[in-house]
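Those letters in the sequence shown? Residues 0 to 487, per numbering that gives the first Met the number 0, in order. In this text, a Cβ means the ideal position worked out from N, Cα and C, and glycines have one as well. Just so it is clear, the structure is predicted and the values come from calculations on it, not from any experiment.
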Amino acid sequence: MQQLFNYHSKIIKFRLRIYKIRKTSYMSFEPFLAVFVITQFRKNLKNDGLLDKWNQYLNIGYFIAIGIFIIDVSFSAHKAATILSHLYFLGLTIAPYYIDDLKSGKQLAFALIPFAIVGLISDVIEKWFPNFYDDHENTIQSLVVFSLIWAFSLWMINRKQAKALENERRQRFAEQEQNRMMAAMKVNLESEVKQRTAELTKQTEELQQALAELKSTQAQLIQSEKMASLGELTAGIAHEIQNPLNFVNNFSEVSIELLEELKDEVLDKLPDDVKEEAGDIISDITQNLSKINQHGKRADAIVKGMLQHSRTTTGKKEPTDINALADEYLRLSYHGLRAKDKSFNAGMKTSFDPELGKIEAIPQDLGRVLLNLFNNSFYAVTEKKKLLGEGYEPTVTVNTKRVVSASGADLVQIMVEDNGTGIPQKVLDKIYQPFFTTKPTGQGTGLGLSMSYDIITKGHGGDLKVETAEGEFARFIITLPVGNLQSA
0 MQQLFNYHSK IIKFRLRIYK IRKTSYMSFE PFLAVFVITQ FRKNLKNDGL
50 LDKWNQYLNI GYFIAIGIFI IDVSFSAHKA ATILSHLYFL GLTIAPYYID
100 DLKSGKQLAF ALIPFAIVGL ISDVIEKWFP NFYDDHENTI QSLVVFSLIW
150 AFSLWMINRK QAKALENERR QRFAEQEQNR MMAAMKVNLE SEVKQRTAEL
200 TKQTEELQQA LAELKSTQAQ LIQSEKMASL GELTAGIAHE IQNPLNFVNN
250 FSEVSIELLE ELKDEVLDKL PDDVKEEAGD IISDITQNLS KINQHGKRAD
300 AIVKGMLQHS RTTTGKKEPT DINALADEYL RLSYHGLRAK DKSFNAGMKT
350 SFDPELGKIE AIPQDLGRVL LNLFNNSFYA VTEKKKLLGE GYEPTVTVNT
400 KRVVSASGAD LVQIMVEDNG TGIPQKVLDK IYQPFFTTKP TGQGTGLGLS
450 MSYDIITKGH GGDLKVETAE GEFARFIITL PVGNLQSA
């Protein structure tokens, strides 16, 4: 019992000491608490980026706290200053609950509101209800002490939490900074990878282009060697065959003439009983000699075609005006066919690019290609004219223009189109084979398109394509590399 009494006495003494402190220095303490609260508000507003908006009001709050302190110290208005101080401090503590910009100070306000309320109530009771205050002084003092302990405890807890949050914020900021640096490094790395990839792609394309040019040059050299060897071979064959063919053709023609003379001058002098039989024999011999002459000329044309085929890449390249060359051989083909057949007639349309200029080419070889294509087109429209009659208008169209390939290379394109019989789909894959022809026997050697294909692809490094619809049209497209293009 004695120990319990002593403990109770110590608590009473402690409360009295707190009360004395409050009585003597509470007013000098509460304005400092107001300054502390305003300072915390300033820190929070600065972190939220709102300090410029509230800086003037915070400075006014400092002046008010200092003014209350000066009034308390300098004038004999202790109780009025005490009430004013309580109201001001209470207003500061409840401000975060009504002003959104100060909501980050709610935790501090929650810790100090009990102290502000208890202090205000204590002074009001002491001033206006002194008897009640004297009867419950110990209880009121205990509430003041507990409100201080509450404020200090919550302040310590909030401070600890604030430090933890600050550490977390710094850690998160460090992680964000690290992520930003990693993202920047990733962007730089991706940029370097793209740059290296582009360089490697460019080098690969250059190597592929160089390899393609090398293969093209190699193919042209091989073709030149093959054609040179074939030229020597065909020259020997022509020398050995041409003379016998000439004798066959010439003597068959002479024999036909002699038989005609025999028929006109000698046959009438024969007796009637042998005259008819002799005439039949002369007619049979004449017919046989005509066949011999016809097939002899056919063999002569084949030999000449072989000679032309073997000379496709033996010429020398020189600046060539494609427009002039195409126009010249178009008219040469037309007038040549007109000279053989007076009934031949066809329309011609041309569209030449005036900016085409000259390219490095072998004009004689390109001329043979164009002449062959023109002859084929005129033949196709003539055959269709025979089928359709007067309602059909045979037309051969020639166009030239510059184009750009998918790889960006400049090319020259020559298009020869006709509205003739077209090419059957079943033979389309065979038209470039030597000795293949769709013309009747005696009207084509089958070497024209084969020779043309070799001249374009192997002799000039170009391309020869065909587009056709049977019975409607045929379109041959020659594509040549520009090379050293000269302006028109």
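### Query
Does the pairing of the region 315-327 with the region 348-364 give three or more beta-carbon distances under 8 Å?
yes
### Query
Under a three-way DSSP split, which group does Glu359 fall into?
strand
### Task
State buried or exposed for Val395, treating a residue as buried only when at least 16 other CB atoms are found within 10 Å of its CB.
Val395 comes out buried.
### Task
Tell whether a beta-carbon distance below 7 Å holds between Tyr328 and Leu370.
yes
### Query
What is the residue span of the alpha helix (DSSP H) that Glu125 lies within?
Lys105 to Trp127
### For Pro30, three-class secondary structure by DSSP
helix
#### Entry: Complete runs of the alpha helix (DSSP H) confined to the region 31-96 [at least 4 residues]
Counting only runs of 4 or more, we get 50-73 and 77-93.
### Query
How many angstroms separate the CA atom of Phe351 from the CA atom of Leu331?
17 Å
### Query
Exposed or buried, which one is Gly458 when buried takes at least 16 other CB atoms within 10 Å?
Looking at its Cβ environment, which holds 16 or more other Cβ atoms inside 10 Å, Gly458 is buried.
### Task
Would you mind stating whether Leu288 and Ser251 have Cβ atoms separated by less than 7 Å?
yes
### Task
Name the two residues that bound the continuous beta strand (DSSP E) containing Lys315.
Run containing Lys315: none; DSSP gives neither H nor E here.
### Query
In three-state DSSP terms, what is Gly419?
coil
### Query
Per DSSP, Arg321 forms a beta bridge with which residues?
Correcting the residue type first, residue 321 is Ile in the shown sequence and not Arg. According to DSSP, Ile321 bridges with nothing at all.
### Candidates Leu111, Gly60, Ile236 and Gln140, of which the one nearest Glu125 by Cα
Gln140
### Task
Using only alpha-carbon positions, find the residue among Ser342, Arg169, Ser376 and Ala218 that is nearest to Ile454.
Ala218
### Query
Using the rule of at least 16 other Cβ atoms within 10 Å of the residue's Cβ for burial, across every protein chain shown, is Thr311 buried or exposed?
Only weak support is given to the placement of Thr311: the predicted model assigns it a pLDDT of 48, under 50, and the value that follows is read from those uncertain coordinates. Burial call: buried.
### Task
Buried or exposed for Asn418, please, with buried defined as at least 16 other CB atoms from any protein chain shown within 10 angstroms of its CB.
So Asn418 ends up on the buried side.
### Query
When we look at the beta-carbon of Ser24 and count the other beta-carbons within 10 Å, is it buried (16 or more) or exposed?
Below a pLDDT of 50, predicted positions are generally treated as unreliable, and Ser24, at 42, falls in that range; the measurement from the model is reported next regardless. Exposed, because fewer than 16 other Cβ atoms sit within 10 Å of the Cβ of Ser24.
### Query
Within 10 angstroms of its Cβ, does Phe172 collect 16 or more other Cβ (buried), or is it exposed?
exposed
### Message
One question on the structure: do Val36 and Leu91 come within less than 7 Å of each other, judged by their Cβ atoms?
### Response
yes
### Query
In whole angstroms, what separates the C-alpha of Gly388 from that of Arg337?
19 Å
### Task
May I ask you to list the residues that DSSP assigns as paired with Ile476?
Met414 and Lys464
### Query
Over what stretch of residues does the beta strand (DSSP E) that includes Gly346 continue unbroken?
Gly346 to Ser350
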